[in-house]
Amino acid sequence: MARIETMETLRAIYGTPKPRSVAKQLDHIDRHCRSFIALSPFVVIATQGPDGLGDATPRGDHPGFVGVADEKTIVIPDRVGNNRIDSLANLVERPGVGLLFLIPGVDETLRVNGVAAIDDDLALRTAHIAEGKVPATVLVITVREAYLQCGKAVMRSKLWAEESRIDRGLLPTMGEMLKDHTRSGEPAETQAEMLARYATSLY
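Residue numbers (numbering that gives the first Met the number 0): 0 to 202.
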């Protein structure tokens with residue numbers, strides 16, 4: 000096995016990209032991207048930490064929770080979470096961001112790359128209210144690149160296929176896994192307890 004350490008070596012293995020895969024890249028949100036975002040209830044946000052490690056985090060809500068202000072600007076509300084704020088902390092010093100939008104049942108995905116700013120403007124936050132709760136902040140992303148990703152990865156994984164759904168019992172509960180990860184001496188939260196807690200804290 001040899002480690003690949005230069006672009007020349009890497010390109011020698013993979014060759015040049017297909018012309019259409021390069022030509023499809025936009026520098027803005029067009030009507031097709033806008034429609035995709037409007038139908039998407041789930042986006043993965045990728046940032047980079049101070050140690051150089053990448054960080055990817057999920058964001059989800061009702062379809063269209065990500066707003067398209069104009070062809071160069073999208074807005075993502077920050078719903079309540081665990082307050083680690085890893086992504087937000089990364090973006091304070093390294094504002095480059097990558098987004099991957101998914102739509103259940105659709106094999107293709109949408110990739111958007113740009114520069115993010117964290118904003119606490121009240122009017123902007125109020126425009127993204129959900130269940131009566133105003134987000135603490137919103138991400139305002141200036142779009143630099145936007146392009147559709149082919150469905151091969153989702154098709155190979157059969158991500159949306161009914162037969163791909165697993166019995167939740169094949170995994171320990173979240174409470175059991177967290178008990179091990181935190182080395183807690185407290186009883187593990189049951190799945191039922193966790194779901195009841197989430198029911199009152201999603202927003």
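Every residue, glycine too, gets a C-beta built ideally from N, C-alpha and C. Remember, it's a predicted structure, so these values are computed and weren't measured experimentally.
Within a Cβ cutoff of 8 Å, which residues of the same chain sit near residue i, ignoring the five residues on either side of it in sequence?
i: GLN190; result: ARG167, THR172, MET173 and GLY174
i: SER200; result: VAL79
For residue i versus residue j, is the C-beta spacing smaller than 8 Å?
i: ILE117; j: THR136; result: yes
i: ALA45; j: GLY51; result: no
i: VAL42; j: ARG19; result: no
i: TYR13; j: GLU130; result: no
i: PRO134; j: ASP85; result: no
i: LEU170; j: ILE75; result: no
i: GLN203; j: GLY113; result: Since the first and last residues shown for the chain are 0 and 202, residue 203 lies out of range.
i: ILE73; j: ILE3; result: no
Keeping to the same chain, check which residues put their C-beta closer than 6 Å to that of residue i; ignore five residues upstream and five downstream.
i: GLY248; result: Because residue 248 is not part of the residues shown, which for the chain are 0 to 202, the question remains open.
i: ASP119; result: THR136
Taking the alpha carbon of residue i as the reference point, which residue from the options has its own alpha carbon closest?
i: GLN24; options: ALA55, ARG110 and THR72; result: ARG110
i: GLY97; options: ASP77, ALA115 and GLY80; result: ALA115
i: ALA152; options: GLY63, LEU101, ASN112 and TYR202; result: LEU101
i: HIS61; options: GLY48, GLN47, MET193 and LEU38; result: LEU38
i: GLY104; options: VAL21, ALA198 and MET154; result: MET154
i: ARG196; options: GLY80, SER86, ASP85 and LEU138; result: GLY80
i: GLN148; options: HIS31, ALA11, PRO40 and ALA1; result: HIS31
i: ASN82; options: THR56, GLY63 and LEU99; result: THR56
i: PRO40; options: PHE64, ARG33, ALA198 and THR15; result: PHE64
Which partner residues does residue i have in the DSSP bridge list?
i: LEU147; result: LEU109
i: LEU95; result: The question names Leu, but residue 95 in the sequence shown is Gly. DSSP, once it has assigned bridges, lists VAL114 as partnering GLY95.
i: ARG58; result: VAL42
i: LYS178; result: Answer is none; LYS178 lacks a bridge partner.
i: THR72; result: ASP69 and THR141
i: ALA198; result: Note: ALA198 sits in no beta bridge, so no partner.
i: LEU25; result: ALA145
i: GLN190; result: Note: GLN190 sits in no beta bridge, so no partner.
i: LYS157; result: Its beta-bridge partners do not exist; DSSP assigns none.
i: LYS132; result: ALA129
i: PHE100; result: VAL42 and LEU109
i: GLY53; result: GLN47
Less than 7 Å separating the Cβ of residue i from some heavy atom of the ligand NAP?
i: THR172; result: Ligands in the displayed structure: none, and consequently the ligand NAP is not present.
Please list, in chain order, all residues of the same chain as residue i whose beta carbon is under 7 Å from its beta carbon, the five residues on each side excluded.
i: GLY99; result: In the sequence as displayed, the identity of residue 99 is Leu instead of Gly. Within the same chain, LEU99 has close Cβ partners VAL42, VAL43, THR108 and ARG110.
i: SER163; result: LYS157
i: GLU188; result: GLY174
Touch test, the stretch 53-68 against the stretch 2-22, Cβ-Cβ under 8 Å, three pairs minimum:
Under the Cβ criterion (8 Å, minimum of three pairs), the stretch 53-68 does not count as touching the stretch 2-22.
Specify whether the stretch 125-143 and the stretch 177-186 touch according to this definition: at least 3 beta carbon pairs, one from each stretch, less than 8 Å apart.
Output reads no: the stretch 177-186 does not touch the stretch 125-143.
Three-pair Cβ contact test at 8 Å for the stretch 120-127 versus the stretch 82-90
Inter-segment contact for the stretch 120-127 and the stretch 82-90 is absent: fewer than three beta-carbon pairs are separated by less than 8 Å.
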